[in-house]
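A short worksheet on the structure shown next.
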Amino acid sequence: MSGPIKPSEVNALKTKVIPEEVFQAVNELIAKAWDGKNAQVIQNEVVELSLSKMCLNAGIGSLHRTNAFKEHWFDFESAYRAEGWKVIYDKPGFNETYDAFWWFSIKF
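Residues 58 to 165 (the numbering used here) are what the sequence shown spells out, left to right.
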């Protein structure tokens, strides 16, 4: 690609920079939580499973969570929306104590 990126190209390019292991982890967790209408996927489970898969595939002992967040590997919502999912991300606010999660549902 030469020249500046077009707004219409951002989602496709972003999807290419997210490691495949992240999508594999999210897909597995969606399938595990799927009730026929929705699936709640916990952020920490996505992170742990993704990093575990990456380490296994690369034959290394560990990867640091901070680097994964710094690289925006878990900003995958637009890729799933492009495939027909309604995706909502929720994280605790000040004085709230629940795990951050994504809510996946079928668009109607």
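The C-beta atom is built at its ideal place from N, Cα and C for all residues, glycine as well. Given the structure is predicted, the values throughout are model-derived calculations rather than measurements.
*Does the separation of the CB atoms of Leu-106 and Ala-82 fall below 8 Å?*
Taking 8 Å as the Cβ cut-off, Leu-106 and Ala-82 qualify as a contacting pair.
*What is the rounded straight-line gap between the Cα of Trp-130 and the Cα of Leu-70?*
Taking the CA atoms as reference points, Trp-130 sits about 13 Å from Leu-70.
*asked:* My output table needs one value for Tyr-146: the three-state DSSP class, helix, strand or coil.
replied: In the structure shown, Tyr-146 sits in a strand (DSSP, three-state: E or B).
*Helix or strand or just coil, what does DSSP make of Ile-163?*
The answer is strand: DSSP assigns Ile-163 an E or B state.
*Rank Tyr-155, Lys-164, Ser-59, Val-103 by C-alpha distance to the C-alpha of Glu-85 and give the top, closest one.*
Comparing Cα-Cα distances from Glu-85 to each of Tyr-155, Lys-164, Ser-59, Val-103, the minimum goes to Val-103.
*So who's on the other strand from Ala-96, going by DSSP bridges?*
The partner list for Ala-96 (beta bridge, DSSP) reads Phe-161.
_Range of the contiguous alpha helix (DSSP H) that encloses Tyr-155_ = Looking at the DSSP string, Tyr-155 is not in any alpha helix (DSSP H), and its letter there is neither H nor E.
*Exposed or buried, which one is Leu-108 when buried takes at least 16 other CB atoms within 10 Å?*
With 16 or more other Cβ atoms inside 10 Å of its own Cβ, Leu-108 counts as buried.
*When the Cα atoms are used, what is the spatial distance from Cys-153 to Tyr-146?*
The question names Cys, but residue 153 in the sequence shown is Glu. If I take the Cα positions, the gap works out to 15 Å.
*asked:* Measuring straight from C-alpha to C-alpha, what distance separates Asp-41 and Glu-140?
replied: Shown here, the chain extends from 58 to 165; a query on residue 41 therefore has no answer.
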